[in-house]
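A short worksheet on the structure shown next.
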Amino acid sequence: MNHLKPINRKAARVEQATEPPPAAGDVVALQRTGIPQQAHFPVGCSLVFSPGWEADRTGGTAGLCQPVERDLFDCHIGCYWPAQVPDQLNHAPDWTAKCAAAQKDWRKIDLIFP
Amino acid sequence: MNAWAAREHHRFEAAGKPFVYLVPSAAIFALDDRADAVLRRLSDRPHTSEELRASFDEDPDLAATLAELARVRAIGEVNAPETPQPKVIPLAPFPLTTMVLNVTNQCNLSCTYCYEYGEDKIVNTENGRQPKFMSEETARQSVEFMLAESGSNRRAHITFFGGETLLNFPVLRKTVAYARQRAAEIGKEVDFSLTTNATLLRPEIIEFIAENDIGVTISIDGPREVQDKFRVFHNGTGSYDIVAPKIRELLQRHTRRPIGARVTLTSGKMDVKRIYRHLTEEIGFWEVGFAPVTTSPDRAHAIAESGYDEMLGQFRELAFEFLEASVANRHHGFSNVKETIEELHKGVSKAFPCGAGLGLLGVATDGDVALCHRFAGSDAHKLGTVRDGIDRDAQRAFLERHHIANKTDCSVCWARPLCSGGCYHEAHTRYGDTVHPNLHYCNWIRGWTDVCLQVYGELSERNPAYLAQFDDEVVPQEKVS
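One line per chain: the protein sequences are A and B, in this order. Residue numbers for the first sequence follow the numbering used here, beginning at 184 and rising by one. Residue numbers for the second sequence follow the numbering used here, beginning at 543 and rising by one.
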């Protein structure tokens, strides 16, 4: 900055936090710059290593390779990806009522039409 | 085309240069002439970019200046959505850093303005259910409570308080030994301090204090005629002649820790500079802190609106004296300004006015835990007991209710990052509710913060090395008064 000079420590932090990204620098996947964003916790993505992907949260591999149906539940809570699923709060509260275990019962999940 | 408007800030000048204090970030920036002119223009009223370009003669640097001011949020677009301030309540269990132990609620003085005994008292200290003296057992339970609640902190701090603390010296002495031993057993350290009126400082007590490295704050109001106006014994005689020689004795023997004087300012005695001179130069205190008396507005000793103006004028003179001393790397003992300078340097922006109910708790003589020592023994401000621990629900409810986000009056004040509504006890005494912002001293707080900003700005220009002492990450001890 040329017109403002940070004087106290908070000002230095403000300057640092609002540093614009370098114009022609490397762009890295999921890169975040500028003011720290609110924490976002995808529930059950490979970002947090929940079972079913590379390793479980303790670093173990014993329970890996769970069936693809499991993704349906892991993803519908936090991510809406890859399966866009029904609105469980208002529109279709019981759409998984008959599906006790996704691996076994996934065929019983209700079809929901908007 | 959207227009630019100034956002919350306070402009001040120091060493002949313009600075800006930003709210709520508490960041301080020096401005060049162009940035200063733009910010002042936008403080009058919003301007579109065209208007600004026209009034700044098509200055090629205008866009960059606007971008920088916008980047630090000194200005913003008029219709830009407000970013709401998050109301973040600290996660429990929040570690306890300071426990104030009211070892007695009795006192051998009868200071007219006393918040514990005077007309504005909260707890019936005379005939209430609280024992007059804390028992050794309760003190030991308090130590266990402190060590448990200090969480992962290596260092815990215990402040002995009263009443007159030294009336219960036997328990104080045993508690120091017990706390040292228990802390050592679990690999922690305990630091001690006490507040006293100095009337009971006998040679063996002074020896004990010095040997145990106990920090001391002495309540004293100044030279004889000032001290004796309110700080009197039960029969009405002044205490100056009793305390002055004892304080000199303590200062001579106990040299390892700085000993501070704590002055209560009232309507009748406002000669801040003279009090300061007497206590530092004639008595020998290392530092002196001043606080206006906490009282209902209708008391004779209450400071009126004009009194706050007078106090501000005197504080200003003393603050600039502090500045010149600090520029020359000389010590100056006006502790009020030093504490504020430290907060300004760090850029403190408070969600709560102080650590009460968070990192600081007060313990009554019966072991009840309260917000702070000023509320010790009050059922309405109880947050548990030393035996059962902190009442987390009550603590959470307290923090939810007292967060700065709830204080509508404060939401338009540029001094809120430091003040955050002011003392809970002062608010309780004035307005009957701890959550009420202390509106009676808003002008004084803004005036004083402005003085401290000027001192800070001058220091940053004339002796920036002085400010490096505040870079230390150690959290300063919460002041107990």
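Cβ atoms here follow ideal geometry from the backbone N, Cα and C, with glycine treated the same way. In this text the structure is predicted, and so the values were computed from the model without any measurement.
Interface annotation, residue 572 of chain B: in contact with chain A, CB-CB separation under 8 angstroms. Comparing C-alpha distances from residue 667 of chain B to each of B:648, B:984 and B:661 shows the shortest one belongs to B:648. Neighbours of residue 884 of chain B across chain A, judged by C-beta separation under 8 angstroms, do not exist; the nearest C-beta is about 10 angstroms away.
Annotation for residue 700 of chain B: the continuous beta strand (DSSP E) segment containing it runs 697-703. In this structure, the straight-line span from the alpha carbon of residue 641 of chain B to that of residue 570 of chain B is close to 33 angstroms.
Per DSSP, the beta bridge partners of residue 761 of chain B are B:804.
C-alpha of residue 558 of chain B to C-alpha of residue 868 of chain B: approximately 18 angstroms in a straight line.
Three or more Cβ pairs closer than 8 angstroms define a contact, and the region 676-686 of chain B falls short of that threshold against the region 617-630 of chain B. Assignment of residue 553 of chain B by DSSP, reduced to helix, strand and coil, places it in the strand class. Under the 10 Å beta carbon count, residue 728 of chain B is surrounded by fewer than 16 other beta carbons and is classified as exposed. Of the candidates B:690, B:890, B:705 and B:747, the residue whose Cα lies closest to the Cα of residue 715 of chain B is B:747.
In the structure shown, the three-state DSSP call for residue 959 of chain B is helix.
Residue 560 of chain B: member of the beta strand (DSSP E) spanning 559-564, first to last residue. Here DSSP, grouped into helix, strand and coil, assigns residue 735 of chain B to strand. Shown here, residue 900 of chain B sits in coil according to DSSP, grouped into three states, outside any helix or strand.
The alpha-carbon of residue 193 of chain A is positioned some 25 angstroms away from that of residue 979 of chain B.
The beta-carbon separation of residue 787 of chain B and residue 694 of chain B, rounded to 45 angstroms, does not stay under the 8 angstroms limit for a contact. With respect to the 8 angstroms criterion, residue 954 of chain B and residue 861 of chain B are not classified as neighbours on the basis of their beta carbons. Beta-bridge partners assigned by DSSP to residue 571 of chain B: A:189 and B:562.
Along the length of the region 632-674 of chain B, whole beta strand (DSSP E) runs at least 3 residues long occupy 640-644, reported in chain order. Excluding its 5 nearest sequence neighbours in each direction, residue 620 of chain B has C-beta neighbours in its own chain below 8 angstroms: 544, 545, 546, 547 and 588, listed in chain order. In this structure, residue 918 of chain B lies near residue 644 of chain B, with their beta-carbon atoms less than 8 angstroms apart. Against chain A, the beta carbon of residue 606 of chain B has neighbours under 8 angstroms at 185 and 186, listed in chain order. In the structure shown, residue 851 of chain B adopts helical secondary structure according to DSSP, grouped into three states. Inclusion of residue 914 of chain B and residue 903 of chain B in the CB contact set at 8 angstroms is warranted, their separation being smaller than that value. Note that the region 787-797 of chain B touches the region 823-832 of chain B; at least 3 beta-carbon pairs, one per stretch, sit closer than 8 angstroms. Excluding its 5 nearest sequence neighbours in each direction, residue 771 of chain B has C-beta neighbours in its own chain below 7 angstroms: 810 and 811, listed in chain order.
In the displayed model, residue 833 of chain B falls within a strand according to three-state DSSP. One alpha carbon belongs to residue 907 of chain B, the other to residue 833 of chain B, and they sit about 25 angstroms apart. Taking one beta carbon from each stretch, the region 949-963 of chain B and the region 975-991 of chain B have 3 or more pairs nearer than 8 angstroms; the two touch. Under DSSP, residue 775 of chain B forms a beta bridge with B:651. Across the region 867-892 of chain B, CB contacts with chain A closer than 9 angstroms involve 886, 887, 888, 889, 890 and 891, in sequence order along the chain.
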